[in-house]
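Visitor: So this note's numbering is basically just the index in the sequence shown, starting at one, shifted up by 71. Glycine included, C-beta positions come from ideal geometry on N, C-alpha and C.
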Amino acid sequence: MKQFRLGAQALALTCALIALPTTLSAAKPETRPAVSTAAIPTDYKEICNALPAKGLQHPYLVFNEAQKPAILEYIKTNKRAGDIYRMLQLEGERYLRVDADPAPAMNDIKSRFSGKDDHAAYQNYYQYGSVVCALLYQLTGDTAYAKRAYQLAEKLCEMDTWRLSAHYFENIYTRVWPYGVKDDQVAFPFDIWVGDCAADLALTYDWIYPTLTKAQRDRLRSGLLEQAVLRVRGNYDYQWWANAYKCNWSGICFNGLGMAALTLLNEDPQLTDVVIRSIEGIGGMVSNITHEGGWQEGRHYSVYGLCQSMMFMDAIKRLSDGKINMFLIDGVKNAPADFALFGMTGNFNDGTFRDKGIGGPIGSPGMYGKLAAETGNTNAMFYIKTFLNRPNALFGGIRNNATNTIWDLIWPMPTDIPATKPADASKHFPEIDWAFMRKDFGDDYMQVATKCGPLDDPHHGHLDAGTFNLTWKGESVIGEFSQEFYDQFIFNDDRWDYLNIRSLGHNVVLVDGEEQIIAKRKDQPWKEGIGGKITKFESLPGFAYTQMDATKAYPGEHLKGWKRTLILDKENNIVLVLDKVQSAKGAQIDLLFHPNVEATVSADGTYAALNGDSTRMEMKSMSKAPLSLTKQNQLYYRIVQQAPYAWVPCLYTTVKAPSETTVIGTVFYPTELKSGANQFTLDESGKNPVIRYTAGGKNYAYEISDTQVKAI
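(1) Any contact of the region 644 to 652 with the region 731 to 738, i.e. 3+ C-beta pairs under 8 Å?
(2) Taking buried to mean at least 16 other C-beta atoms within 10 Å of its own C-beta, is T538 buried or exposed?
(3) Since I589 and L534 are thought to touch, with beta carbons under 8 Å apart, how far apart are those beta carbons, to the nearest angstrom?
(4) Please state the DSSP three-state secondary structure of K498.
(5) Who are the Cβ neighbours of G364 in its own chain at under 6 Å, not counting the five residues just before and after it?
(6) Exposed or buried, which one is H362 when buried takes at least 16 other CB atoms within 10 Å?
(7) Please list, in chain order, all residues of the same chain as S373 whose beta carbon is under 6 Å from its beta carbon, the five residues on each side excluded.
(8) When you compare the CB positions of Q495 and K522, do they come within less than 8 Å of one another, or not?
(9) Helix, strand or coil for F608 per DSSP?
(10) One question on the structure: do I395 and I118 come within less than 8 Å of each other, judged by their Cβ atoms?
(11) Can you list, in chain order, the residues of its chain whose CB lies under 7 Å from that of Y557, leaving out five sequence neighbours each side?
(12) Using a 10 Å radius around the Cβ and a threshold of 16 neighbouring Cβ atoms, would you call T671 buried or exposed?
(13) Using DSSP with H/G/I as helix, E/B as strand and the rest coil, what is P112?
(14) Would you mind giving the Cβ-Cβ distance between Q559 and K187, rounded to the nearest angstrom? I have them listed as a contact below 8 Å.
(15) E338 by DSSP, collapsed to three states: which one?
(16) Counting along the chain, where does the beta strand (DSSP E) carrying A670 start and finish?
(17) Spell out the partners DSSP gives T486 in its beta bridges.
(18) Count the other CB atoms, across all protein chains shown, that sit within 10 Å of the CB of I775; report buried if there are 16 or more and exposed otherwise.
(19) Does the distance from the CB of D421 to the CB of Q298 come in under 8 Å?
(20) Which runs of the alpha helix (DSSP H) fall wholly inside the region 407 to 453 and span at least 4 residues, in chain order?
(21) Which ranges would you report for the alpha helix (DSSP H) in the region 221 to 293 if only whole runs of at least 4 residues count?
(22) Which word fits S201, buried or exposed, when buried means at least 16 other C-beta atoms lie within 10 angstroms of its C-beta?
(23) Which same chain residues, not among the five before or five after I142, have their C-beta less than 8 Å away from its C-beta?
(24) Pick from T686, K604, A658: whose alpha carbon is nearest that of P666?
(25) Starting from P741, follow its DSSP beta bridges and name the residues at the other end.
(26) Could you round the C-beta distance between T725 and S699 to whole angstroms and report it? I think they count as a contact, below 8 Å.
(27) Once you ignore the five residues that flank Y276 on each side, which residues in its own chain have a CB closer than 6 Å to its CB?
(28) Determine the DSSP secondary structure at N472, reduced to helix, strand or coil.
(29) Going by beta carbon distance, what residues of the same chain come within less than 6 Å of E241, once the five residues before and after it are set aside?
(30) Do you know offhand how far A215's Cα is from N460's?
(31) Threshold first: 4 residues or longer. Then list the alpha helix (DSSP H) segments lying entirely within the region 557 to 608, N to C.
(32) Look at M693 and T752 and say whether their C-beta atoms are less than 8 Å apart.
(33) Could you compute how far the alpha carbon of R763 sits from the alpha carbon of I783?
(34) Nearest by alpha-carbon distance to I488: which of Y516, L442, D511 is it?
(35) Assuming G376 contacts M356 (C-beta within less than 8 Å), just tell me the rounded distance between them.
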């Protein structure tokens, strides 16, 4: 044991030196996030001493023999867990008796053009089946499941690579690299699919280990080492994701590496260096979750990155007896479910993979139950019980973020943590400058989502500082154009030409057609300080408002300044928008609003009707600016059943600037509140603009300065 620990310390020191940030002229400077010493020891010797030296008994990664009875009792006594388990048994029975194993398929590097990836489906079949059968062996003791799990896992070991074809050199080399990554990237041996597969094979190895012969163990070891660990170990500087801690890839890839190293510690104790680098990598990513729980890439990638990382976070906490506890990192400890809960209508960035841009719950009960159990967070329990305990989709597979997964069994739902609804349903995430306003959670209430943060995410970010979404009665009234899928060139420099990514496809302001700045192009230096800022957010009992300044998101040639104020009247589901635009006199100012429901403009252009399945709203300009409805075009670089393009409706408010400062007011209100053309007025006669209207027999007035909104 002494010799092992000395070796581990030396390897850890090497790992620490490799991981030190280097000065890269082509990369955007990055300050590494500080990780709480309560979460991760900062001394590498201390980390090594926290890990067991030898004699680990499989299974040990996410549960051990002593904990299995509790899992089985949970399945027996909890209806949801019982239902999931029965579905797992059906899946396992299919793998044992019914399915014919698919034949190997070519890894087509243009699968994102064809929309068909047989190689990925082939890998998924064996990867998913091996984990399911391995877990069923642990829960039933039936060695037939273990035998089948090995057969499936062996097929993974026979593959040349676990990489997704979209991440081969021919495709990924042309990417625009994100924050903290140098431009000169030429080696891509390890991607998120490798990370996912390594983690699943590590679990399979852990769970069926007692049934394996030495040759079988060595076969699975070879797969984990050749396909994952040895592609990266000692070469972290060549992996673009290794220091890209603002990207979900970092956590997912290090999770696979870390799980592989942990499951092989008995046979290969020298892999402690990989464990340590994985601790640092996942700790770096998780530390970029903001103190309020926000994640700049967007909600879907916050779930993907964190849920995969949680496997390793759980395993390393267990094996270190709690000495390494990344659940104590601020963004997880303080607000583990806030971004999922408050942000349910914030489908910004590449987050609109749903019909008509509708948001909704993300993640699984197992994931958020584990987070609640680790943190004691009562808001997380409210999110689970209110939004995740849905009757549909009993089982969706381990590789995705489906509602129900095997983790709903491995991580039982805590019963001693109350579900507490937040006192205020509105929230601002200041470190990413996203904000959400609503009176309460639920479809009966108008929900406003907006963002105005930095434009420094060239992977999933959009040129959309100042945009907003309106969701009411379960429909996206004004929203984001849905991504639908990734095509052949979505992450290349061509990204900035896609309608749903450029400013033209968002609910922003354009002056003489000038769109927002691209902060990072392929092989070009970063443009620093690009983006906007939410300058004031306040949620009061009767109304909430968000003020933002998006001036620095634009080149400044035509648009000289833009400040936007969004006001939500909580009692009447009314949204007021005041835009203050600075430009040359006579410039053309266009306000863009993208409806996700049927939109028609009145013959005189004074208002637009927004009618969904259950929504009846109207939109009008209080500045007497004419409205028009047009169609924009989105071209796809992918073969699709319909035409390879989409027509996207857009409502325009167009104004010729009467002076160097133009104030434009827009209102969205339920059709039932309409009582005449003068119901909503914008008064500019005083020092600050005032919006007035009557609703439900009550008069309302808001004075809007650059620093606050006052009800008068």
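Guide: Judging by the given coordinates:
(1) yes
(2) buried
(3) Contact holds; Cβ gap of about 7 Å.
(4) strand
(5) Scanning its chain for C-beta atoms nearer than 6 Å, with the 5 sequence neighbours on each side dropped, one finds around G364 the residues G402, A406, D409, F410, in chain order.
(6) exposed
(7) W366, F410
(8) In the sequence under discussion, the amino acid at residue 495 is Asp, which differs from the Gln named in the question. The answer is no: Cβ separation not under 8 Å.
(9) strand
(10) Going by beta carbons, I395 and I118 fall inside the 8 Å limit.
(11) Counting only Cβ-Cβ distances below 7 Å, and skipping sequence neighbours, we find R183.
(12) exposed
(13) Look at P112 here: in three-state DSSP terms it is coil, with no helix or strand label.
(14) With 8 Å as the limit, Q559 and K187 do not qualify as a contact, their Cβ atoms being about 13 Å apart.
(15) coil
(16) 669 to 672
(17) For T486, which the question treats as bridged, DSSP gives no partner whatsoever.
(18) buried
(19) no
(20) Within the region 407 to 453, complete alpha helix (DSSP H) segments of at least 4 residues are found at 409 to 413, 436 to 446, given in chain order.
(21) With a minimum length of 4 residues, the continuous alpha helix (DSSP H) runs that stay inside the region 221 to 293 are 240 to 243, 263 to 279.
(22) Within 10 angstroms of the beta-carbon of S201 lie 16 or more other beta-carbons, which makes it buried.
(23) Cβ within range, chain order: F134, L210, L480, I481, P483.
(24) If we check each option's Cα against that of P666, T686 comes out closest.
(25) Answer is M688, bridged to P741.
(26) 7 Å
(27) L291, T334
(28) Here the model assigns N472 a pLDDT of 37, short of 50, so the residue's position is not dependable, and the following value carries that caveat. Note: N472 maps to coil in three-state DSSP.
(29) In the same chain as E241, and ignoring 5 residues on each side of it, the C-beta atoms closer than 6 Å to its own belong to I180, in chain order.
(30) A215 and N460: Cα-Cα distance of roughly 33 Å.
(31) Runs of the alpha helix (DSSP H) inside the region 557 to 608: none found.
(32) yes
(33) 10 Å
(34) Nearest of Y516, L442, D511 to I488, Cα basis: L442.
(35) Yes, they are in contact, since the Cβ atoms of G376 and M356 sit about 6 Å apart, within 8 Å.
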